[in-house]
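Since the structure comes first, as structure tokens, the remarks are kept for the end.
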Amino acid sequence: MTIRATGSGSGATGSGFVYDTAGHVITNNHVVEGVGEEITVVLTDGSTVEAEIVGTDPAYDIAVLDTKRTDLKPLPMADSKAVVVGDEVLAMGAPLGLESTVTSGIVSAVDRPVVAGDSTSRSYINAIQTDAAINPGNSGGPLIDTTGKVIGVNSAIATPTGSSSGNAGNIGLGFAIPSAQVVKTADQLIRTGRSEHPIIGVLLDESYSGPGAKVKADNGGDDPITAGGPADKAGIQPGDVIVRFDGHEVSGPDDLIVAIRAKSVGDTVAMTVRRDGQPVDVTMTLQAAPKK
1 MTIRATGSGS GATGSGFVYD TAGHVITNNH VVEGVGEEIT VVLTDGSTVE AEIVGTDPAY
61 DIAVLDTKRT DLKPLPMADS KAVVVGDEVL AMGAPLGLES TVTSGIVSAV DRPVVAGDST
121 SRSYINAIQT DAAINPGNSG GPLIDTTGKV IGVNSAIATP TGSSSGNAGN IGLGFAIPSA
181 QVVKTADQLI RTGRSEHPII GVLLDESYSG PGAKVKADNG GDDPITAGGP ADKAGIQPGD
241 VIVRFDGHEV SGPDDLIVAI RAKSVGDTVA MTVRRDGQPV DVTMTLQAAP KK
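With the UniProt record's numbering, letter number 289 in the sequence shown gets 289, and the count goes up by one each step, no holes.
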């Protein structure tokens with residue numbers, strides 16, 4: 001289905017799909033963000049229905065809409081954790097406004113750290129990478145497996161240097177939010193209108209250019225480690241460099257944030273830091289980010 005969002009003299013077109021029998025629709029946050037005063041959902045039969053926003057999560061680039069239609073058939077959700085490189089997939093959506101377009105490809109990579117958006121609205125995705133053709137307008141559409149189940153929500157494409165995502169076409173590098181993350185976030189948004197983000201409770205040193213992610217040594221007098229937070233309870237110290245998280249090597253701050261966001265509040269994870277040149281192993285239980 002196609003999502004048309006208009007408001008304040010601007011508009012956006014994206015894709016989406018029916019999530020449940022209550023008429024909820026999944027799309028990307030960036031499809032409706034800032035222009036969502038009026039949202040029209042174009043169904044596959046060409047009919048239209050007005051929808052309202054139930055909730056959005058810019059950090060995961062997910063939005064849930066409510067059509068109040070109980071006669072729509074939802075797409076079944078697959079377990080994205082079972083997806084492997086080489087799996088055949090189909091990308092569905094309305095690229096460049098061409099409704100009901102289907103392209104095919106394979107899964108090129110899983111657990112690919114992808115950071116999209118700008119400093120005001122940045123999303124962190126532990127993405128499924130695919131070579132199925134994805135273009136502007138595909139955003140929010142489903143990435144499905146050969147059984148017709150949703151393994152992810154198409155969210156971003158890689159663009160050549162000097163191009164913007166709004167005018168660049170497919171170059172064989174598309175990224176989808178894994179269905180496991182979609183289900184977790186969508187269910188929270190439907191239930192409460194909000195979603196939870198797991199944190200470890202540290203401020204990172206953005207000026208650090210070495211391998212790993214460095215905890216700030218000084219925050220202008222404020223402690224860079226949240227008192228009572230997961231890192232504090234685990235004994236993390238200012239200046240520690242996080243080099244492994246949940247069994248995965250950490251290449252930089254964005255890589256760490258993506259890895260944290262892929263987990264859930266309450267998960268217990270192992271982490272390795274480098275302190276005074278020596279590795280230190282710790283475990284911690286992730287907490288929810290404070291509500292704003």
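Ideal Cβ placement from N, Cα and C applies to all residues, glycine included.
What is the residue span of the alpha helix (DSSP H) that Q181 lies within?
What you label residue 181 is simply residue 181 of the sequence shown in a count that begins at 1. Unbroken alpha helix (DSSP H) run through Q181: S179 to T192.
Near G162, which residues of its chain fall below 7 Å by C-beta distance, leaving aside the five closest residues on each side in sequence?
Here residue 162 corresponds to residue number 162 of the sequence shown, with the count starting at 1. A caution first: G162 carries a pLDDT of 45, below 50, which makes its placement in the model unreliable, though a value can still be read off. Excluding residues within five positions, none has a Cβ falling inside 7 Å.
Please work out which residues of its chain come closer than 8 Å, Cβ to Cβ, to V84, disregarding the five sequence neighbours upstream and downstream, and give them in chain order.
One-based indexing of the sequence shown puts residue 84 at position 84. Cβ within range, chain order: V107 and V110.
Counterpart residues of L90 in DSSP-defined beta bridges:
Mapped onto the sequence shown, residue 90 falls at position 90. Paired residues: S104 and I144.
Does the segment 27-34 come within contact of the segment 67-83, defined as at least 3 CB pairs closer than 8 Å?
Three or more beta-carbon pairs separated by less than 8 Å are not found between the segment 27-34 and the segment 67-83, which leaves the two stretches without contact.
Thinking just about the alpha-carbon of each residue, which of R275, V273, V265 and K291 is nearest to the one in T285?
If you number the sequence shown from 1, residue 285 lands on position 285. Selected option, being the one with the closest Cα: V265.
Could you tell me how far apart the beta carbons of D141 and G201 are, in whole angstroms, since I believe they sit closer than 8 Å?
Taking the first residue of the sequence shown as position 1, residue 141 is located at position 141. Taking the first residue of the sequence shown as position 1, residue 201 is located at position 201. The residue asked about is misnamed: residue 141 is Gly in this sequence, not Asp. Incorrect: roughly 36 Å between the Cβ atoms, too far for contact.
Local conformation of I260 per DSSP, three classes:
Taking the sequence shown and counting its residues from 1, one reaches residue 260 at position 260. When DSSP states are grouped into helix, strand and coil, I260 belongs to the helix group.
Using a Cβ-Cβ cut-off of 7 Å (strictly less than) and excluding sequence neighbours within five positions of D145, which residues of its own chain qualify?
On the sequence shown, residue 145 is found 145 positions in, with the first residue counted as 1. These residues qualify, in order along the chain: A78, D87, V89 and I151.
Please state whether DSSP places P113 in a helix, a strand or coil.
Residue numbering aside, residue 113 sits at position 113 when the sequence shown is read from its first letter. In this structure, P113 counts as strand in the three-state DSSP scheme.
Return the Cβ separation of residue 300 and P58 in integer angstroms, given the expectation that the two are a contact with Cβ distance under 8 Å.
For the chain, the structure presents residues 1 to 292; residue 300 sits outside this window and is missing.
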